[in-house]
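Note sheet for the following structure.
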Amino acid sequence: MLTLITQGDAVTALVAVLLLAMSVASWVVILWKAWLLKRAAGDVARSTAVFWQSASLEAARPKVAAFDREALVLPLIAATLAQAQGTLASAGDKSWQLTRVLRDALHAVLHKLQYGQVLLATVGSTAPFVGLLGTVWGIYHALVGISAAGQITIDKVSGPVGEALIMTAAGLAVAIPAVLAYNIFGRNISRIEADLEGFAYDLRELLTAGGSSGQTAEHREELPDTGVRAS
Numbered sequence: 034m035l036t037l038i039t040q041g042d043a044v045t046a047l048v049a050v051l052l053l054a055m056s057v058a059s060w061v062v063i064l065w066k067a068w069l070l071k072r073a074a075g076d077v078a079r080s081t082a083v084f085w086q087s088a089s090l091e092a093a094r095p096k097v098a099a100f101d102r103e104a105l106v107l108p109l110i111a112a113t114l115a116q117a118q119g120t121l122a123s124a125g126d127k128s129w130q131l132t133r134v135l136r137d138a139l140h141a142v143l144h145k146l147q148y149g150q151v152l153l154a155t156v157g158s159t160a161p162f163v164g165l166l167g168t169v170w171g172i173y174h175a176l177v178g179i180s181a182a183g184q185i186t187i188d189k190v191s192g193p194v195g196e197a198l199i200m201t202a203a204g205l206a207v208a209i210p211a212v213l214a215y216n217i218f219g220r221n222i223s224r225i226e227a228d229l230e231g232f233a234y235d236l237r238e239l240l241t242a243g244g245s246s247g248q249t250a251e252h253r254e255e256l257p258d259t260g261v262r263a264s
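Following this line, the structure appears as structure tokens:
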């Protein structure tokens with residue numbers, strides 16, 4: 034790759050630099066997200082466990098804060114305590130209010146978990162074509178040079194064409210780790226999302242039952258899907 038950057042023409046060098054930048058960016062995201070999601074999965078499990086073992090909502094907050102290092106569970110608890118009296122946000126049944134604030138908090142939390150997925154998907158889908166562009170241009174450039182020399186031999190053809198084909202291999206080497214990481218991280222995010230949605234539903238049911246004892250079961254609706262999914 035460094036040889037192509039230093040010895041190739043402007044287009045070849047540009048393609049090689051672009052592939053190198055995409056590889057560095059994707060690996061930074063891969064290493065960071067692997068650490069983040071591993072930590073987040075454990076934090077969510079411990080935070081929800083300590084929450085349900087607490088005596089009250091007020092007593093649970095400091096205990097959850099000690100385990101929730103990525104702030105994935107605390108925003109859900111904080112959303113249920115937000116008061117906006119005299120506004121449309123405070124109008125309607127308490128169950129509907131809790132559904133709305135928990136849905137908004139879930140969107141914010143899941144957006145944090147999804148961060149970096151777009152870059153991995155972009156690198157995985159475009160890197161092979163960037164490498165192919167470098168290959169096509171390299172072969173064209175090599176053939177032009179060979180024809181200008183006026184004599185075509187196998188040793189003159191194999192060297193430049195072989196260097197050009199390296200660009201295709203480089204594109205695949207950049208794309209494959211990004212695609213694998215995107216799929217693995219998407220599965221892990223879906224698991225954490227399911228845990229958070231389950232906790233949000235249970236939290237809403239707890240607060241609805243505690244604050245509106247006269248509410249009938251017919252008025253309790255399931256917490257709507259957040260609409261955020263890892264592909």
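Heads up: the sequence shown at position 130 corresponds to 163 in the numbering used here, and the numbers run straight through without jumps. Using N, Cα and C, we set each Cβ at its ideal position, and we do this for glycine too.
The alpha helix (DSSP H) enclosing residue i, as first and last residue numbers
i	result
Gln147	127 to 147
Arg102	Arg102 -> no alpha helix (DSSP H), and no H or E assigned at all.
Ser80	43 to 85
Any non-hydrogen atom of the ligand SAH closer than 7 Å to residue i Cβ
i	result
Val142	The ligand SAH is not part of this structure, which contains no ligands at all.
Status (buried if at least 16 other CB within 10 Å, exposed otherwise) for residue i
i	result
Ser128	buried
Ser59	buried
Ser80	buried
Pro257	Here Pro257 scores only 48 on pLDDT, less than 50, and its place in the model should not be relied on; the value that follows carries that caveat. The residue is exposed, with fewer than 16 neighbouring Cβ atoms inside 10 Å.
Glu91	exposed
Gln86	exposed
Asp42	exposed
His144	exposed
Tyr173	exposed
Lys71	exposed
Arg237	buried
Beta-carbon spacing of residue i, residue j below 8 Å
i	j	result
Leu229	Val134	no
Ala160	Leu52	yes
Ile225	Ala54	no
Val151	Gly204	no
Val48	Leu239	no
Ala142	Pro108	Per the sequence shown, residue 142 should be read as Val rather than Ala. Their beta carbons are under 8 Å apart, which means Val142 touches Pro108 by this criterion.
Per-residue DSSP class, three states only, for residue i
i	result
Ala89	Looking at the sequence provided, one finds Ser at residue 89 rather than Ala. Here Ser89 sits in coil by DSSP.
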